[in-house]
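The numbering of the sequence shown is my numbering, which starts it at 5 and goes up by one.
Just so you know, even glycine gets a beta-carbon here, dropped at the ideal spot from N, CA and C.
Everything below concerns the one structure shown next.
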Amino acid sequence: MKRAAVVAMVALAPACSKSGDPSAVGSATATTASVAPATSASTAPSVEPAVAVSATPTAYMSISERFASEAEKRPTGVPRVEDVMAALEKQGVRLREIKQHLGSPFQAAYCMGLQTGDDVHMSICEYRSEKAAIDGRQTSLDALKMVPARQIARNGGTTLTIRVGNPSPANEALVKTILKAFEGVKPTGRLAPPSPVTH
């Protein structure tokens, strides 16, 4: 077993050495991956992995590999990020700063962060089941309960987090529009069947 561990560490050494490159520090410590902003419902971005999906265990993945892995393994049967953005744009919500962020900290399979209005921040997350979305939503609420003007809506296996940095009547009306549009998004495909329970 010790010899296998040593071999594994040697195999990972080249990847670790790359992180020493100053140009790689920013991407290695970042929690978001930039995506070109969508300008209309018809051009809502379909996020592609930045790098090939790695077979390396998640604990050993770089940030970019984690982004790619989550983008590759998105669930079906839930309202998709692209469909939510398209629904928002259809209601006149102008989106900007569209960036993928890691979903795993809140048990999500795939997440996208974005902004709109006057300091209104959003995060759309896809989960593998409605139960996972319910649990992930609660985890997020509990972890960030001290953050003001923050709420999380759920539509099936997808959640929408909204945080208003500058409360105002205009932003209040904007949030209502966003929530209504989100509630109307339909899921795509079917959720994967649950894994069989073994005893």
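Under DSSP, the alpha helix (DSSP H) around residue i begins and ends at which residues?
{"i": "Asn175", "result": "Pro173 to Glu187"}
{"i": "Gln142", "result": "Glu134 to Ala147"}
Report the rounded CA-to-CA distance for residue i versus residue j, giving the unit in angstroms.
{"i": "Ser172", "j": "Ile138", "result": "29 angstroms"}
{"i": "Gln119", "j": "Tyr64", "result": "31 angstroms"}
{"i": "Val51", "j": "Ala75", "result": "Confidence at Val51 is low in this model, with a pLDDT of 42, below 50, so its placement is unreliable and the value that follows should be read with caution. Rounded to whole angstroms, Val51 to Ala75 spans 7 angstroms at the Cα level."}
{"i": "Thr181", "j": "Ala136", "result": "26 angstroms"}
{"i": "Lys103", "j": "His125", "result": "12 angstroms"}
{"i": "Pro49", "j": "Glu86", "result": "For Pro49, the pLDDT reaches just 43, beneath the cut-off of 50, and the residue's location in the model is therefore unreliable, leaving the point undetermined."}
{"i": "Val179", "j": "Met89", "result": "14 angstroms"}
{"i": "Gly81", "j": "Arg132", "result": "8 angstroms"}
{"i": "Ala42", "j": "Leu99", "result": "With a pLDDT of only 40 at Ala42, under the threshold of 50, the placement of this residue in the model should not be trusted, and no figure is reported."}
{"i": "Pro79", "j": "Thr163", "result": "13 angstroms"}
{"i": "Lys190", "j": "Lys94", "result": "15 angstroms"}
{"i": "Gln155", "j": "Lys184", "result": "14 angstroms"}
{"i": "Arg167", "j": "Lys149", "result": "12 angstroms"}
Based on Cα-Cα distance, which residue from the options lies nearest to residue i?
{"i": "Lys77", "options": "His125, Glu130, Leu183 and Gly121", "result": "Glu130"}
{"i": "Ser108", "options": "Phe71, Thr80, Met89 and Ile182", "result": "Phe71"}
{"i": "Pro83", "options": "Gly117, Arg167, Ser73 and Ile128", "result": "Ile128"}
{"i": "Ala174", "options": "Arg98, Thr165, Lys190 and Asp122", "result": "Asp122"}
{"i": "Leu106", "options": "Arg100, Cys115, Thr165 and Arg98", "result": "Cys115"}
{"i": "Glu187", "options": "Arg100, Asn170 and Ala91", "result": "Ala91"}
{"i": "Glu134", "options": "Leu164, Glu101, Arg158 and Asn170", "result": "Arg158"}
{"i": "Gly160", "options": "Gly193, Thr143 and Leu145", "result": "Gly193"}
{"i": "Ser144", "options": "Val151, Phe110, Pro152 and Gly169", "result": "Phe110"}
{"i": "Gly169", "options": "Leu183, Val151 and Ile156", "result": "Val151"}
{"i": "Ala113", "options": "Ala147, Arg167 and Ser73", "result": "Ser73"}
Between which two residues does the beta strand (DSSP E) carrying residue i extend?
{"i": "Ala75", "result": "Where Ala75 is concerned, there is no enclosing beta strand (DSSP E), although the alpha helix (DSSP H) it sits in stretches over Ile67 to Glu76."}
{"i": "Lys94", "result": "Unbroken run through Lys94 is the alpha helix (DSSP H), Val85 to Lys94; no beta strand (DSSP E)."}
{"i": "Gln119", "result": "Tyr114 to Thr120"}
Count the other CB atoms within 10 Å of the CB of residue i; is the residue buried (16 or more) or exposed (fewer)?
{"i": "Gly117", "result": "buried"}
{"i": "Gly96", "result": "exposed"}
{"i": "Gly140", "result": "buried"}
{"i": "Glu176", "result": "exposed"}
{"i": "Thr33", "result": "Low confidence applies to Thr33: its pLDDT is 33, below 50, so where it sits in the model is not reliable, and the reading given next is rough at best. Its Cβ having fewer than 16 others within 10 Å, Thr33 is exposed."}
{"i": "Ala147", "result": "exposed"}
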